[in-house]
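These notes are about the structure you will find just below.
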Amino acid sequence: MAVALSTLVEEAERYLGSSRIADYCPNGLQVEGRPQVTRIVSGVTASQALLDAAVEAGADLVLVHHGYFWKGEDPCVVGMKQRRLKTLLKHDISLLAYHLPLDLHPEVGNNVQLARQLDITVEGPLDPENPKVVGLVGSLNEPMTPRDFARKVQEVLGREPLLIEGSDMIRRVGWCTGGGQGYIDQAVQAGVDLYLSGEASEQTFHSARENDISFIAAGHHATERYGVQALGDYLAKRFALEHLFIDCPNPI
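Okay, structure coming up:
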């Protein structure tokens, strides 16, 4: 079956509530392709590798978490940007991208989806007083050592994480997928035993050590693979479309 591109985009906007969320990039339809959609290809980032794979897969629409046109970037359509846009336009493929709306959503959001992968029970936001902090806090069904939890993260994500050991046992966890290492101070205030994010900065080590909590950097790409898959599945089911998630490996 096929659905009108405008209808699919309208439903995605409604479901994610993206118009109510301030962001660093435009959310929604970033490149317009053919007016009817039958096959969705999803991926984390609209890289050239994903676009080439989408062309090979016969996609009508590419759905991603990391799209284009970020605040502060050079607006000139040259080099890498020119090649990416040329690929989409040449093959009449639409690009649909959602950043913070896909981090925040309570059903298909990156943070909720990662919690399901790691068997963490969500308790609430990492910082209830600041809605701009997109992380969450939750608890494990059974306490684990930091090393055991890190092994579980590696098994689930297929990537060896960076572990900084602090607390002897992990019961409560705070997390934010992607580049959320800066929220470790909110995690300390929330009283968690371990904070997990995609990336780490130099100062993250000191914050973890001096506040006696454990920290895991599990990979920006690796922690953000699940939200876009869930959103793609939702749209495919809603409109009886084909959906294929393509994982272009990224060690960062």
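Residues in the sequence shown are numbered from 253 upward in steps of one, following the numbering used here. Every residue, glycine too, gets a C-beta built ideally from N, C-alpha and C.
Uninterrupted beta strand (DSSP E) stretches at least 3 residues long and entirely within the segment 267–324 occur at 280–283, 291–297 and 313–318, given in chain order.
Residue state for Asn463 is assigned as helix, using DSSP reduced to three classes.
Remark: C-beta atoms of Ala309 and Leu448 do not approach each other more closely than 9 Å.
In the structure shown, the three-state DSSP call for Ser453 is coil.
In terms of Cα proximity to Thr429, the closest of Gly484, Asp420 and Asp355 is Asp355.
Linking Gly443 to Leu257 through their CA atoms gives a straight-line distance of about 45 Å. Boundaries for Met396: no alpha helix (DSSP H) harbours it, while the beta strand (DSSP E) harbouring it runs Leu388 to Met396, taken from the DSSP string. Straight across, the Cα-Cα distance linking Ala298 with Gly285 is about 15 Å.
When the five nearest sequence neighbours on each side are left out, the beta carbons in the same chain lying within less than 7 Å of the beta carbon of Asp344 are those of Gly285 and Arg286, in order along the chain. Contact fails between the segment 386–393 and the segment 405–420, because fewer than three Cβ pairs, one in each stretch, are under 8 Å apart.
When only Cα atoms are considered, Gly426 and Cys277 end up about 26 Å apart.
One thing to note: Glu494 has its Cβ no nearer than 9 Å to the Cβ of Val296.
Under the DSSP definition of a beta bridge, Arg424 partners with Ser391.
Note: Tyr447 is bridge-paired with Gly426 and Phe467 in the DSSP secondary-structure output.
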